[in-house]
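According to the numbering used here, the sequence shown is numbered sequentially starting from 8.
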Amino acid sequence: MISAHIIVDLAFCVGFALAFNPVRKFTKKFLAKRACGVEGPVRKSVTLAGKLDALVSGASHGDAEVDRVIAEMIRETEERCQGILEKGKREIEALLEDYIHVATGKLELRIESFIRALRVSAVETAASAAFTLMKEELENGKVDAGEAVSASEQDSVASKKLH
């Protein structure tokens with residue numbers, strides 16, 4: 008016949024089988040609830056990680072865009088600065104040219120005035136010398152009323168008296 012051990016073993020197996028199914032269902036429901044509770048934060052963290060990756064990618068793309076815009080602004084500023092410097096240089100050169108022209112004109116006027124003064128002085132000196140020479144000639148009585156004096160003789164006499 009069947010031994011007591013086998014009956015006890017069979018009873019244990021039947022009891023275990025009968026108890027296992029409800030415990031399995033309870034454990035499955037418990038784990039499913041816990042999985043649902045954890046699944047929301049996990050999905051949120053995955054979504055958040057995706058958003059962060061997109062944000063970092065956008066920020067790095069934005070940084071590249073900002074760097075490009077800054078480089079463009081620097082280039083435009085350098086071009087404007089170069090243009091301003093060139094314009095200033097042209098204006099200074101034009102101003103200097105105008106000043107040189109005015110100064111040259113003033114010098115020309117002064118030189119012309121000086122030349123006129125020298126001419127007037129030379130004419131006055133020559134007239135004075137001629138007047139003095141004629142006066143001496145008249146006083147010395149060399150020239151008679153009808154007597155003519157040669158031009159070369161007058162030049163040599165005038166030249167001696169002037170020197």
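Quick reminder that beta carbons are idealized off the backbone N, C-alpha and C, glycines included.
Open item on the list: In this structure, how does DSSP classify Val130 when only helix, strand and coil are distinguished?
Closed with: helix
Task: Straight-line gap, Val38 to Ala24 (C-alpha atoms, nearest Å) - done: It should be pointed out that residue 38 corresponds to Leu in this sequence rather than to Val. Going by the C-alpha atoms only, they are around 21 Å apart.
Task: Ile13 in three-state terms, based on DSSP - done: helix
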